[in-house]
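Scroll down for the structure; my scribbles are underneath it.
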DNA sequence: TTGACATAGTTAGCCAGCTAATTATAATGA
DNA sequence: TCATTATAATTAGCTGGCTAACTATGTCAA
């Protein structure tokens, strides 16, 4: 995702709206600001993860495993939940296995499947990352009171409703 | 950016909040939903661009040039405004030049700089993409009235304030 | 039983970002 | 003046996504 450092000023938007009458100025500026804030957030959180030697993809796999009762799952399920292809998940798991944060174990009941285990080292890694990560999220949301957080969630849900119609 | 298909349910969040007391549950769920909606939006808009044979990076360069009075700029300035490195901008411009949408012209006053011109074909490409793009944005924001759009912008600005403190 | 199909995971190769090093030109100060 | 430093753009090589093709295993119906 691009960082969109230079959002259009109102007069630039207005000029584009003259050339392209389909433009809904307040919709466009809202969407661009939304994309921009999300990108900046994502970059800032990436920086936090990389301080701990992690990238977003691998970190998310650790979280997904941590959610499981027995800290175990399968590559295809992890891929689905993380929103990446199975090929990409293979690569993520390769990296995590090399770092000793997960272990691959062959399943007995179906020899096609591989079970992915979060190791103690993996749990330890999360225990060192998550407090830092959560502290940062708390910090950047501290300017919003509970009502504003609910407003945000409601508005995001409304936008989300419109997304399927785009495809 | 990951697609985050599987956001934590409230009870998963609560369990994590027990292990990691720094977690601010409503902050975390707001941020995750924000990232998720933004990613989905970005993916949907990418799909729109790719129908027209464009990728986000190249398309954004065309827009930046279109904003200029004389439809001209420089690689380093474009890189800064698009939030990519100059090396990446070189690659984006290579692609656009091959498609004939921009032209490189050597500057006379400083022979280190290259002037980038949006060609007529480049303008034509924007003229075919933008109406479609704007129509989609209008469509996904149509569920929000003017007041909600303003609320969103205000809330995003508040979050944005907190981001610098993260780094 | 066995041939067709489905599923799990991996491999190979592409692409668009990135950093670091390189080339060419300009600006500056002893 | 000319050595040093700064700047503009590019090139080379890395990485983590992707798609498509492949291997191995399981399922199911004729």
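Residue numbers (the working numbering), protein chains in the order written: chain A, 641 to 807; chain B, 641 to 807.
A virtual CB, placed ideally from N, CA and C, is assigned to each residue, including glycine.
Item, Value
"Among 735/B, 693/B, 707/B, 694/B, which has the Cα closest to the Cα of residue 652/A?", "707/B"
"Using beta-carbon positions only, say whether residue 756/B and residue 733/B come within less than 8 angstroms of one another.", "yes"
"Given a threshold of 16 other Cβ atoms within 10 Å of its Cβ, counted over all protein chains shown, does residue 746/A qualify as buried or as exposed?", "exposed"
"Look at the alpha carbon of residue 781/B and the alpha carbon of residue 682/B, and state the distance between them as a whole number of angstroms.", "14 angstroms"
"With a CB to CB cut of under 7 angstroms and the five nearest residues on each side skipped, what residues in its chain are close to residue 716/B?", "726"
"In the structure shown, what three-state DSSP assignment does residue 713/B receive?", "strand"
"Please classify residue 740/A: is it buried, with 16 or more other beta-carbons within 10 angstroms of its beta-carbon, or exposed?", "exposed"
"Ignoring anything shorter than 4 residues, give me the alpha helix (DSSP H) runs that lie fully in the region 643–714 of chain B, in order along the chain.", "650–659, 665–691, 696–707"
"Alpha carbon to alpha carbon, how far is residue 659/A from residue 728/A?", "42 angstroms"
"Kindly indicate which three-state DSSP category residue 806/A falls into: helix, strand or coil?", "helix"
"May I ask you to list, following chain order, the residues of the region 669–686 of chain B that have a beta carbon less than 7 angstroms from some beta carbon of chain A?", "670, 671, 673, 674, 675, 677, 678, 680, 681, 682, 684"
"May I ask you to verify whether the region 690–707 of chain B touches the region 658–678 of chain B, counting CB pairs closer than 8 angstroms and requiring at least 3?", "no"
"I want to know whether the region 672–682 of chain B touches the region 793–801 of chain A - three or more CB-CB distances under 8 angstroms.", "yes"
"Below 9 angstroms between beta carbons is the criterion; list the residues of the region 712–736 of chain B that meet it against any residue of chain A, in chain order.", "720, 721, 722, 723, 724"
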